[in-house]
Amino acid sequence: MNLKISALQFIREVKSGNISAEDFIAQTMEQIQNVDGTLHAFLSLNDNAVDQARAIDKKIKSGEKIGQCYGMPISIKDNICIKDTKTTCASKMLENFIAPYDATVITKLKQQDAIFVGKVNLDEFAMGLTTEFSAYGPSKNPWNLDYVPGGSSGGSAVSVRAFECVASLGSDTGGSVRNPASFCSTVGYKPTYGLISRYGLISYANSIEQIGPLTRTVEDAAFMLNIIAGLDPNDNTTVDNNNEDYLKNIDSGIEGKKIGIITEMIGEGIAPSVLSATKDAISKLEGLGAICEEISLDMVKYSVAAYYTITATEAGSNLARYDNLRYGYDFSVEGYEFNSYIEKARKKLGPEVTRRMILGGFVPSAGHA
Numbered sequence: 033m034n035l036k037i038s039a040l041q042f043i044r045e046v047k048s049g050n051i052s053a054e055d056f057i058a059q060t061m062e063q064i065q066n067v068d069g070t071l072h073a074f075l076s077l078n079d080n081a082v083d084q085a086r087a088i089d090k091k092i093k094s095g096e097k098i099g100q101c102y103g104m105p106i107s108i109k110d111n112i113c114i115k116d117t118k119t120t121c122a123s124k125m126l127e128n129f130i131a132p133y134d135a136t137v138i139t140k141l142k143q144q145d146a147i148f149v150g151k152v153n154l155d156e157f158a159m160g161l162t163t164e165f166s167a168y169g170p171s172k173n174p175w176n177l178d179y180v181p182g183g184s185s186g187g188s189a190v191s192v193r194a195f196e197c198v199a200s201l202g203s204d205t206g207g208s209v210r211n212p213a214s215f216c217s218t219v220g221y222k223p224t225y226g227l228i229s230r231y232g233l234i235s236y237a238n239s240i241e242q243i244g245p246l247t248r249t250v251e252d253a254a255f256m257l258n259i260i261a262g263l264d265p266n267d268n269t270t271v272d273n274n275n276e277d278y279l280k281n282i283d284s285g286i287e288g289k290k291i292g293i294i295t296e297m298i299g300e301g302i303a304p305s306v307l308s309a310t311k312d313a314i315s316k317l318e319g320l321g322a323i324c325e326e327i328s329l330d331m332v333k334y335s336v337a338a339y340y341t342i343t344a345t346e347a348g349s350n351l352a353r354y355d356n357l358r359y360g361y362d363f364s365v366e367g368y369e370f371n372s373y374i375e376k377a378r379k380k381l382g383p384e385v386t387r388r389m390i391l392g393g394f395v396p397s398a399g400h401a
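Written out as structure tokens, the structure reads:
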């Protein structure tokens, strides 16, 4: 069976009866067993995935209404909650945390008969760009095991590229979907803030992060967006997208579309190989009829500083809850005074999280007002 097919191809094949969801899921789980010992994309697996796929096949044969996904195997970044499933954020602090509810994106995918094959690796609490900061070990780039897969959604990108699923959900604060998608040669899309509900996403930086799909094709990303986008009463930052169909105009081409090329992003300090690839992409876009124009965005030089100021401050606030009283490791408070108790609890956090947490306490100091 060809595990390399796209999500939309999978749906067409199952819908037509050429393949069964059960067989595809069974072989997908076998693929995970065969390659993931080396790649380490997954932190946990869904032991009921094959049974769930069998149930999908029975619904198809009996003529029951089937959701749009037809049993499509999807991996989920381990900072997105699935009810009654371990959700660790790749941290020892949440090693035994069982999510009590589904994230909104999970609810929507379940309603469309998606099957979650497992939870995948990330930089601890989504803080990093390499997936080397996972408390459970780094993921490997499937193209070259000596290379990182990018991050923080590295497990998502690896699982898609290594044919351990047909699509994945990650989260993106400062590139955490787009970066690993680039490193692993998949499609990664960070939607506009508010387009997708963050309810059930364990927060890093609330005002910037978004859940986004990683897929093998642009069409698959649009298909995923059709399912998970839209207004959510549980997240007051979401907006109504009026049930827009993101697949509707996907084949209409880009002729006449104007694309801005930021001058500051293709100038000094850019690696020659990256610059060459960027110019090649511009040429291809122009060959398809797009109008590419250089524009200056002087504020770009402040972007990294602004990113770390905002995210560190919000992360410091969000991480305050991991105090072993509400969340975290379970050890007795007996014999500790408050500061030493908190200090012991926080030692379970990794170096990158600790660094950003310290910075997050420093940035909003009254002395900077």
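If you number the sequence shown the way this note's numbering does, the last residue is 401 and the count never jumps.
Ideal Cβ placement from N, Cα and C applies to all residues, glycine included.
In this text, all values refer to a predicted model and were calculated from it rather than measured experimentally.
Here Asn34 has no same chain residue with a Cβ atom under 7 Å from its own Cβ, once five neighbours each way along the sequence are excluded.
Counting only the Cα atoms, Lys380 lies some 21 Å from Gly183.
Per DSSP, Pro174 lies in no alpha helix (DSSP H) segment and is marked neither H nor E. Counting C-beta atoms within 10 angstroms of its own C-beta, Arg353 has fewer than 16 neighbours from the protein chains shown and is therefore classed as exposed.
Counting along the chain, the unbroken beta strand (DSSP E) around Ala199 starts and ends at Ala199 to Asp204.
Pairing Ile240 with Thr205 gives a Cβ-Cβ distance under 8 Å. Going by DSSP, Thr386 is part of the alpha helix (DSSP H) stretching over Pro383 to Phe394. When DSSP states are grouped into helix, strand and coil, Glu325 belongs to the strand group. Scanning the segment 292–338 from its first residue to its last, the whole beta strand (DSSP E) runs of 3-plus residues come out as 323–327. Contact between the segment 112–126 and the segment 157–177 is present, with at least three C-beta pairs closer than 8 Å. Classified as buried, Glu346 has 16 or more neighbouring CB atoms from the shown chains inside 10 Å of its CB. Ser191 and Glu366 have their alpha carbons spaced roughly 44 Å apart.
One thing to note: Ala261 has its Cβ within 8 Å of the Cβ of Pro223. According to DSSP, Ser76 shares a beta bridge with Lys151.
C-alpha of Glu54 to C-alpha of Lys90: approximately 10 Å in a straight line. Spanning the alpha carbons of Arg44 and Asn274 requires a straight line of approximately 26 Å. When Ser188, Ile92, Ile294 and Ser217 are compared, the shortest CA-CA separation from Ile51 is found for Ile92. Just measuring C-alpha positions, the residue of Glu318, Phe255 and Ile57 sitting nearest Leu141 is Phe255. Segment contact: the segment 322–335 against the segment 274–290, three or more CB-CB distances shorter than 8 Å; contact assigned. Assignment of alpha helix (DSSP H) within the segment 116–169, counting only whole runs of 4 or more residues, yields 136–143 in chain order. For Ser239, there is no enclosing beta strand (DSSP E), since its DSSP letter is neither H nor E.
For Ser188, the enclosing alpha helix (DSSP H) has its first and last residue at Gly186 to Arg193. Only buried fits Lys172, as 16 or more other CB atoms lie within 10 angstroms of its CB. Residue pairing by DSSP places Pro105 opposite Ile147 in a beta bridge. The shortest CA-to-CA distance from Arg388 to any of Glu96, Asp116, Glu156 and Ser94 is the one to Glu156. Check the Cα spacing between Tyr373 and each of Ser76, Asn356 and Glu384: the tightest is with Asn356. Between Thr343 and Tyr236, the beta carbon gap of about 7 Å places them in contact (Cβ cut-off 8 Å). For Thr60, the enclosing alpha helix (DSSP H) has its first and last residue at Ala53 to Leu71. Listed as beta-bridge partners of Val219 by DSSP are Thr247. For Ser38, same chain residues with a beta-carbon under 8 Å away, outside a window of 5 residues either side, are Val198, Thr247, Arg248, Thr249, Glu251 and Asp252 in chain order.
In this structure the segment 144–160 lies against the segment 77–90, because at least three pairs of beta carbons, one per stretch, are closer than 8 Å. Of all C-beta pairs linking the segment 210–220 to the segment 100–110, fewer than three are shorter than 8 Å, placing the two stretches out of contact.
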